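In order, the protein sequence lines correspond to chains A and B.
Residues 12 to 323 (the numbering used here) are what the first sequence spells out, left to right.
Residues 10 to 522 (the numbering used here) are what the second sequence spells out, left to right.
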Amino acid sequence: MVVWQTIWSQIMDLTLIVVLLRFMTPILLTALGGLISDIGGVINIGLEGLMLLSAFTSIAVASGTDSWLLGVLAGVAASVLICYGMGFFAIRLKVDIIIAGFAVNIFGSGFTIFLMSKIYGLTGNYNPTGAPKIPLVDIPFVQDVPVLGKLLSGHSLMEWIAFLSVVFCIVLIYRTPYGVHLRAVGEAPQAARSLGIPVERVQYSALAWSGVFAGLAGAFLSNGLTNMFVKDMTAGTGFLALAVVLLGNRNPAGILIGSLIFGLASALTTIVQTIPGSPVPSQFIQMIPYVVTIAALVFFALRKKRRLEIAA
Amino acid sequence: MPALLEMKSIHKVYPNGTVANRGVDFSVEEGEIHALVGENGAGKSTLMKILFGLEAPTRGSISFKGQSVSFQGPRDAIKHGMGMVHQHFMLAPSLTVSENIVLGEEPAKGVLSLFRDRAKEQERVAGLIRDYGLKVDPEARADTIPVGQKQRVEILKVLYRGAKLIILDEPTAVLTPQETDELFDSLKSLVRQGHTIIFITHKLREVMQISHRVTVLRGGQSIATLVTKETHQEEISRLMVGREVLFRVQKTPARPEETVLSVRGLAALDDKGVPAIRQVSFRVRAGEILGIAGVEGNGQTQLVETITGLRRAVSGEIRYLDQELRNLSVAQIRAFQIGHIPEDRQTSGACLTSTIADNLMLDHYRNPGFKIGPLLRKKKIRQFAKSAMEMFDVRAASEQTMAGALSGGNLQKVVVARELSKNPKLLVASQPTRGVDIGAIEFIHREIIKRRDAGAAVLLVSAELSEIMALSDRIAVLYNGEIVALLDNTPDLTEQELGYYMLGIKTQEVASQ
Chain A
12 MVVWQTIWSQ IMDLTLIVVL LRFMTPILLT ALGGLISDIG GVINIGLEGL
62 MLLSAFTSIA VASGTDSWLL GVLAGVAASV LICYGMGFFA IRLKVDIIIA
112 GFAVNIFGSG FTIFLMSKIY GLTGNYNPTG APKIPLVDIP FVQDVPVLGK
162 LLSGHSLMEW IAFLSVVFCI VLIYRTPYGV HLRAVGEAPQ AARSLGIPVE
212 RVQYSALAWS GVFAGLAGAF LSNGLTNMFV KDMTAGTGFL ALAVVLLGNR
262 NPAGILIGSL IFGLASALTT IVQTIPGSPV PSQFIQMIPY VVTIAALVFF
312 ALRKKRRLEI AA
Chain B
10 MPALLEMKSI HKVYPNGTVA NRGVDFSVEE GEIHALVGEN GAGKSTLMKI
60 LFGLEAPTRG SISFKGQSVS FQGPRDAIKH GMGMVHQHFM LAPSLTVSEN
110 IVLGEEPAKG VLSLFRDRAK EQERVAGLIR DYGLKVDPEA RADTIPVGQK
160 QRVEILKVLY RGAKLIILDE PTAVLTPQET DELFDSLKSL VRQGHTIIFI
210 THKLREVMQI SHRVTVLRGG QSIATLVTKE THQEEISRLM VGREVLFRVQ
260 KTPARPEETV LSVRGLAALD DKGVPAIRQV SFRVRAGEIL GIAGVEGNGQ
310 TQLVETITGL RRAVSGEIRY LDQELRNLSV AQIRAFQIGH IPEDRQTSGA
360 CLTSTIADNL MLDHYRNPGF KIGPLLRKKK IRQFAKSAME MFDVRAASEQ
410 TMAGALSGGN LQKVVVAREL SKNPKLLVAS QPTRGVDIGA IEFIHREIIK
460 RRDAGAAVLL VSAELSEIMA LSDRIAVLYN GEIVALLDNT PDLTEQELGY
510 YMLGIKTQEV ASQ
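This is the structure:
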């Protein structure tokens, strides 16, 4: 009963929402990146690896230069660079895009551990003192209003960027010629080519976008959510994001809803875990995001099946 | 008056040594519909690729509107006012009709022209539709409109780009007779409005119906350019093939005997789980050919797959003589005297990376005559392959040639040879002559009729109405997964009549047999 009481009280004092926003940010950003690559017909499953690379680069540069902004930019740059490499293999050399993505995942995990050991001589985690974090946005006056203050003020800048990215993606995909080209290239590359659309270049750019968003998410992990790099600290976030891409019905609004569900699962996990003397074994709690993944997949599969049966 | 387009002594030798064009002269005058005909491999597509800048000619010159040109790619050709409507539609399925039309050249607005100008897009597309009378809903998703309209979208695409010279590559292959008539009306109206049309086809009836002049290619050379009014089908076909071709397939009236295949109340789903055929019933008797007519995508594929065991039936029965076939495996069904010519020789008819001999053996390797214990008798197989190739006129270097290296017609003959060499009592032939040249069509048709006369039951599925009408003794029309008509193929049955059933405009009360 302690568990329910704690959850309820956290819902009431809005802590749950604050935690939810924090946890959904990396999922949302990464999933938006995955979405763009998927629409362009080059689905990037290397998101997990990209996040790790960006997370490490970002905190290393931030602590070295004493600037969070340079850190984030460096993280994004590293991630985009790897995406161009992926594009070289997948688009130019025609390596299967899934295999290229796998390679990036393995590379991201291994290479960050390697760098941590070579540069800092550390094996488990890199925890610089005084590395600047992505700032929190305190909104004057609003922060003093009781409920609104907690809802709107004091969030990390990256959380705002994540929400703005949803709007950005909607505009990009539906309101620009580039977005139409992207969709055409993903669905009917021959058609696009016959009209003089540079298919390869569009696909490179789709991968680069996935790099940008996974890079932002990775930087947030090490420079916002925490203030350190831990080996394999993404712990499957990239794959959760990939699940969101598949469930999100190929549009940014769907991605937002999917990210909310997964963010909520992660937030609940954390809240329940931190309850002192919780009667629920921690292993069970840690299952929540994955159980939600399976439940969501089953739910969507059933819904799709039902729709087909209605059509029939 | 100088010609609008003049291609002079075009030669094309591919790096692998294949000579596709050897001195083609092709000239098109402004405001005409010019038909370009020739068998597969005659060099039509190469010529058009060269014209469109997709391939560079080895030798020869092109002049367009009086200027010497050499296009670097489709974009270049489009800029000069040429447009190509491809045989396989090039539409992005989830985009709207309007988005497809302007794709690549969207009207833009805002900072750096970064944003789409939807108002202008709507206005321009509506204007095009109005000016050319090509009716289609601009806001519909491209995958929801019928084939005839998809083609209109393709034509609108090239018109949007300001094409004066429009190349249509076998545009009627997927259309019903009614849709073909509508297309021809549109083409005539395009010509009236000052456009010029190159019409690639191998259907001579259409050449006669629509074109002003016709150029015949054979073996990479331009054989003749004729004024359509002053020639006739027989002359064109003789020029195409290089010998006399029998137009009407010679066949005697059928003498049907016992029922070989009887299908009752058959229903099956397509790959998406949507019912593709429902309550289909018919029978095929020994010594007759039952043709299944219909616009492609109305359940023909699923019907054939269900009968041959490639797809599970939801309900109904499939009887072969006294044997229930439903839910038997493909191997079990193949063990009977049942032959199946699949609709797509590239993916399911043949293994392109195997030799001709291996392909011919695919259905026979269990046959004890070709084995010693578990091992295959290579020599026997080679002999068998050689004689089959001779019998079915497969032209290739040897029986060890890779199937993938064969032309469409020769590969199809390999498939036909394999299926007929088991002496089928029931032959299921799906699109048996799709994309093969006139000579091979004539040959395959003769073979099918030979089997019928020898007492086989033949189920013929074809999107080519003329083929159905030429071969069938009875015709069933499949519309939306149901048989809407079952007719005797009498001389007074017209394509128009069948077309009405194919489009679902007419339905006949089909008495269940």
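All C-beta atoms, glycine included, are put in the ideal place defined by N, C-alpha and C.
Keep in mind that this is a model prediction, so the values were computed, not measured.
Using 10 angstroms around the beta-carbon of Leu147/A, count the other beta-carbons present and answer buried if the total reaches 16, otherwise exposed.
-> exposed
Distance CB(Gly508/B)-CB(Gln218/B) smaller than 8 Å | no
Which residue comes first and which comes last in the alpha helix (DSSP H) that contains Pro200/A?
-> Pro200 to Ser205
Measuring CB to CB, does Ala295/B end up less than 8 Å from Val323/B?
-> no
Is it right to say Ala485/B is buried, meaning 16 or more other beta carbons lie within 10 angstroms of its own, or is it exposed?
-> buried
Under 7 Å Cβ-Cβ, which residues of chain B neighbour Arg194/A?
-> Ala101, Ser103 and Leu104
Kindly indicate if chain A contains any beta-carbon less than 8 Å away from that of Ala520/B.
-> Because the pLDDT at Ala520/B is just 46, under 50, the model does not fix this residue reliably, and the value given afterwards should be weighed accordingly. No, Ala520/B does not count as interfacial toward chain A.
Contacting residues, own chain, Cβ-Cβ under 7 Å from Leu126/A (five flanking each side not counted) | Phe67
Applying a beta-carbon distance threshold of less than 8 Å, which residues of chain A neighbour His95/B?
-> Ser205
Compute the beta-carbon to beta-carbon distance between Ile102/A and Glu170/A, rounded to the nearest angstrom, for a pair I have assumed lies under 8 Å.
-> Actually they do not touch by this definition, with Cβ atoms about 33 Å apart.
Any Cβ of chain A within less than 8 Å of the Cβ of Ala463/B?
-> no
Taking Gly190/A as the reference, give the member of Gly47/B, Glu215/B, Leu112/B and Phe35/B with the closest Cα.
-> Leu112/B
For Leu385/B, does the three-state DSSP call read helix, strand or coil?
-> strand
Integer-rounded CB distance, given that Ile176/B should sit under 8 Å from Met91/B | 7 Å
Residues of its chain near Leu183/A, where Cβ-Cβ distance is below 6 Å and the 5 sequence neighbours each way are ignored | Gly190
Round the Cβ separation of Phe291/B and Ile477/B to the nearest angstrom and send it over; I've been treating them as touching at under 8 Å.
-> The pair is not a contact, with the Cβ atoms about 14 Å apart (cut-off 8 Å).
Straight-line CA distance for Leu236/A to Phe124/B?
-> 35 Å
At what residues does the alpha helix (DSSP H) containing Ala406/B begin and finish?
-> It is not in any alpha helix (DSSP H) - Ala406/B carries neither H nor E in the DSSP assignment.
Contact between the segment 52-68 of chain A and the segment 216-223 of chain A: three or more CB pairs below 8 Å?
-> yes
Using the C-alpha atoms, what's the distance from Leu415/B back to Lys388/B?
-> 23 Å
Measure the alpha-carbon distance for Ala114/A versus Glu39/B and round it to whole angstroms.
-> 57 Å
What residue does the alpha helix (DSSP H) around Thr224/B start on, and which one ends it?
-> Premise fails: Thr224/B lies in the beta strand (DSSP E), Arg222 to Arg227, not in any alpha helix (DSSP H).
Whole-Å CB distance - Ala51/B paired with Gly229/B, under 8 Å assumed = 7 Å
Can you find a C-beta in chain A that's less than 8 Å from the C-beta of Phe124/B?
-> yes
C-alpha gap between Val167/B and Met93/B, whole angstroms = 7 Å
Near Ala426/B, what residues of its chain come up, given a Cβ to Cβ distance below 8 Å and the 5 sequence neighbours on each side ignored?
-> Leu369, Ala397, Met398, Met400, Phe401 and Val403
Ser72/B - containing beta strand (DSSP E), residue span | Arg68 to Phe73
Any beta-carbon of chain B closer than 8 Å to the one on Val256/A?
-> no
Helix, strand or coil: how does DSSP classify Ile208/A here?
-> coil
Buried/exposed call for Trp79/A, threshold 16 Cβ in 10 Å = buried
Any chain B beta carbon closer than 8 Å to Arg211/A | Here the sequence assigns Glu to residue 211/A, which means Arg is not the residue at that position. So no, Glu211/A is outside the interface.
So Arg427/B is in the alpha helix (DSSP H); what residue range does that whole segment cover?
-> Gly417 to Leu429
In the DSSP assignment, find the unbroken beta strand (DSSP E) run with Tyr329/B in it and report its ends.
-> Ser324 to Tyr329
Ala44/B beta carbon less than 8 Å from that of Ser220/B = yes
Secondary structure at Thr105/B, three-state DSSP: helix, strand or coil?
-> strand
Quick one: which residues of the segment 259-285 of chain A get their C-beta closer than 7 Å to a C-beta of chain B? List them in chain order.
-> none
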